[in-house]
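Under our numbering, the first residue of the sequence shown carries the number -14, and numbering increases by one thereafter.
This report refers to the structure that appears directly beneath it.
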Amino acid sequence: MTRHDLANPIFTDEAKATAHMEADRWPDGANCPHCGSLNVHKMAGKTQAGMFLCNDSREKFTVRTGTIFARSHIPLRKWLLATYLMAASKKGMSALQLSRMLGLSYESTWFMCHRIREGMKPTGTAPIGGDNKVVEADETFIGGKAKNRAYKKKEPKKHAVMTLVARDGESRTFHVANVKAKTLRETIVKVASRKSYLATDELASYGLMKRAVFGTHHSISEAHLPRYLAEWDFKWNIRNITDGERAALALKGAEGKRLTYRQPREGAHA
Ligand SMILES: [Zn+2]
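See below:
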């Protein structure tokens, strides 16, 4: 990531952040997220900044309505910066690192991170691989390393994770109950095209990157694991593009995904 990218005013100026997301989400003009109508107008007045009114459904909305940034008191410029930093960081960023950079509490930042990961979830579910294509399979365990065992704290739970990677193609990572052959086989037939060849070589480069990403997060709870896996697949699948392009894709995902879960209670951190 270059200095130049972080100096972009969309990360410091709320009006510019809003204009950036409006242009990105609505390149042909705003449309109502409630009814789809293009018959909308921007409301006047300072207190209504960024607010639109739909002339058909009479509903109010902003560029955040219907996205993972909806119903949040955190300024949009901070959401954009967090999205950018998470997408650009190849090794993954912890909520603690991000909270310092954003000047927000750990709790707020942790919550943002999970919403942003939600945006990174793939939208398509087409099988990977195909005719004459090679799909590689790899299993690993995530978590389970206690940082401080002095007080005989229970060791964090390990999670079995399976990755299927189409050679020169995309990856899909899943939380599996165990790494028994039968369990893995069931996942493979669900995810990979039956026409593919299955290889189980060690995925050397892939394994290295994966360790880097998951090494950032000390322990991950089962409930939140799928979002970490989504972040991982997202980064792998677009590994050959620039930081800026990756951030733009993450923002597209954020715009396209509605919030699917509520804020967890205090202490429920991954
Ligand atoms: Zn409407």
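C-beta atoms are modelled at their ideal positions from N, C-alpha and C, and glycine is treated no differently.
It should be emphasised that the depicted structure is a prediction, and the values quoted were computed from it without experimental measurement.
Any heavy atom of ligand 1 within a distance shorter than 6 Å of the CB on E44? Flag set: Cβ of E44 near ligand 1.
Can H26 be considered in contact with ligand 1, in the sense that its beta carbon sits closer than 6 Å to one or more heavy atoms? With a threshold of 6 Å, the Cβ atom of H26 does not count as near ligand 1, since no heavy atom of the ligand is closer than that.
Please report the straight-line C-alpha distance between R134 and K143, rounded to a whole angstrom. The predicted position of R134 is uncertain, since its pLDDT is 49 and thus under 50; a value taken from the coordinates is nonetheless stated next. So the alpha carbons of these two residues sit roughly 16 Å apart.
Buried or exposed for E150, please, with buried defined as at least 16 other CB atoms from any protein chain shown within 10 angstroms of its CB. Here the sequence assigns Val to residue 150, which means Glu is not the residue at that position. Counting Cβ neighbours within 10 Å, V150 comes out buried, since at least 16 surround it.
Quick one: what's got a C-beta closer than 8 Å to T(-3)'s C-beta in the same chain, skipping five residues either side? Within the same chain, R62 come within 8 Å of T(-3) by CB-CB distance, once the 5 residues on both sides are set aside.
Expressed to the nearest angstrom, what Euclidean distance is found between the alpha-carbon atoms of A0 and K106? Rounded to the nearest angstrom, the two C-alpha atoms are 28 Å apart.
Residues near E216 in its chain [Cβ-Cβ closer than 6 Å; skip 5 each side]: Cβ within range, chain order: R102, M105.
Going by DSSP, name the residue or residues bridged to M147. Beta-bridge pairing links M147 to E124, F159.
Candidates T32, A80, R100, of which the one nearest T94 by Cα: Here the closest residue by C-alpha is A80.
For A67, which of helix, strand or coil comes out of DSSP? Of the three classes helix, strand and coil, the one that applies to A67 here is helix, per DSSP.
Near ligand 1: S206 beta-carbon under 6 Å from a heavy atom: Checking the Cβ of S206 against ligand 1 gives no.
Does the beta-carbon distance from W158 to D218 come in below 7 Å? Inspection of the sequence shows that residue 158 is occupied by Thr rather than by Trp. Cβ distance < 7 Å, so T158 and D218 count as in contact.
Once DSSP output is grouped into helix, strand and coil, what is the label at A184? Strand, per DSSP.
Compare the C-alpha of M97 against each of E230, A29, R212, S156 and name the closest. Cα-wise, what sits closest to M97 is R212.
Can you check which of these residues, A34, C39, D13, G35, is closest to V25 by C-alpha distance? Answer by Cα proximity: C39.
With a threshold of 7 Å on Cβ separation, who are the neighbours of L87 within its own chain once the five nearest residues in sequence on each side are excluded? Scanning its chain for C-beta atoms nearer than 7 Å, with the 5 sequence neighbours on each side dropped, one finds around L87 the residues K63, L66, A67, T94, in chain order.
C17 by DSSP, collapsed to three states: which one? Here DSSP, grouped into helix, strand and coil, assigns C17 to coil.
Looking at the structure shown, is A177 part of a helix, part of a strand, or coil, going by DSSP? Look at A177 here: in three-state DSSP terms it is strand.
F46, buried or exposed, once every other Cβ within 10 Å from all chains shown has been counted against 16: Around the CB of F46, 16 or more other CB atoms lie within 10 Å, so the residue is classed as buried.
Going by the beta-carbon positions, is the gap between V161 and T172 smaller than 7 Å? Yes, the Cβ-Cβ distance between V161 and T172 is below 7 Å.
Reduced DSSP secondary structure (H/G/I, E/B, other) of I113: I113 falls in the strand class under three-state DSSP.
In this structure, how does DSSP classify T26 when only helix, strand and coil are distinguished? For the record, residue 26 in the displayed sequence is His; it is not Thr. DSSP places H26 in strand when its eight states are reduced to three.
F54, DSSP secondary structure in three states: DSSP places F54 in coil when its eight states are reduced to three.
Relative to ligand 1, is the shortest distance from any of its heavy atoms to the C-beta of S22 smaller than 6 Å? At least one heavy atom of ligand 1 sits closer than 6 Å to the Cβ of S22.
Could you check if T110 is buried or exposed, using at least 16 other CB atoms within 10 Å of its CB as the buried criterion? With fewer than 16 other Cβ atoms within 10 Å, it is exposed.
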